Ligand SMILES: Cc1cc2nc3c(=O)[nH]c(=O)nc-3n(C[C@H](O)[C@H](O)[C@H](O)COP(=O)(O)O)c2cc1C
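Numbering (this note's numbering), first residue to last: 3 to 162.
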């Protein structure tokens, strides 16, 4: 199964997780950039309220064609218990995604809140079928086995 992993990362945790898992499963990796270019302080002052309101960011690339892939994995940090505005923009910008299998994953300081449910719902609304989700807290990430655990979820989703 050909897998595309698409993610946003503000401070590097989601990037490290996605890169590690992509290497293990042999997925193509796409990192999007939020054009707001938040500093850490502005992530809290502007980004978190936008995440809470379920808003979409302006991202680069704005559109990603996943027509060549069987499985699409979307990753985001948790901001204020929600997916980031960039993650909502990734999903809105997917092209040729209808009918694809998907995995949603998130990293957070502690708990994911409703982020994975919201991500899954948004993917479902675009016609993708979410067959696996994965969350890693800061404590989980410190252990270092996050990429292997996410890779396992992706592998089992590929067989679904
Ligand atoms: C603006 C902002 C809001 C956050 N909100 C939460 C939260 O609601 N719950 C939580 O457990 N962690 C929260 N965190 C911590 C991040 O989710 C966590 O550090 C994540 O791994 C960061 O991923 P990244 O390095 O890929 O950006 C927040 C971080 C930021 C910057």
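For glycine and all other residues, C-beta sits at the position ideal for the given N, C-alpha and C.
Computed from a predicted structure; not experimentally measured.
- Each of 125, 15, 83 was checked against the Cα of residue 98, and the nearest Cα belongs to 125.
- Taking every protein chain shown into account, the CB of residue 30 has fewer than 16 other CB atoms within 10 angstroms, so this residue is exposed.
- Taking residue 37 as reference, the option from 28, 27, 49, 26 with the minimal CA-CA separation is 49.
- Under the rule that a run must span 4 or more residues, the alpha helix (DSSP H) segments found entirely inside the stretch 104-141 read 117-127.
- Less than 8 Å separates the beta-carbon of residue 109 from that of residue 19.
- Short note on residue 7: C-beta not closer than 7 Å to any heavy atom of ligand 1.
- Note that the C-beta distance between residue 135 and residue 78 is not below 8 Å.
- In the DSSP annotation of this structure, the continuous segment of the beta strand (DSSP E) that includes residue 33 starts and ends at 30-33.
- Contact check between the stretch 4-13 and the stretch 138-148: fewer than three CB pairs, one atom from each, fall below 8 Å, which does not count as touching.
- Taking the Cβ atoms as the reference, residue 133 lies roughly 23 Å from residue 113, outside the contact range of under 8 Å.
- Between residue 4 and residue 71, the beta carbon gap of about 5 Å places them in contact (Cβ cut-off 8 Å).
- In this structure, ligand 1 has a non-hydrogen atom nearer than 7 Å to the beta-carbon of residue 46.
- When DSSP states are grouped into helix, strand and coil, residue 3 belongs to the coil group.
- Residue 84 is bridged by DSSP to 81.
- Classified as buried, residue 84 has 16 or more neighbouring CB atoms from the shown chains inside 10 Å of its CB.
- Look at residue 17 here: in three-state DSSP terms it is helix.
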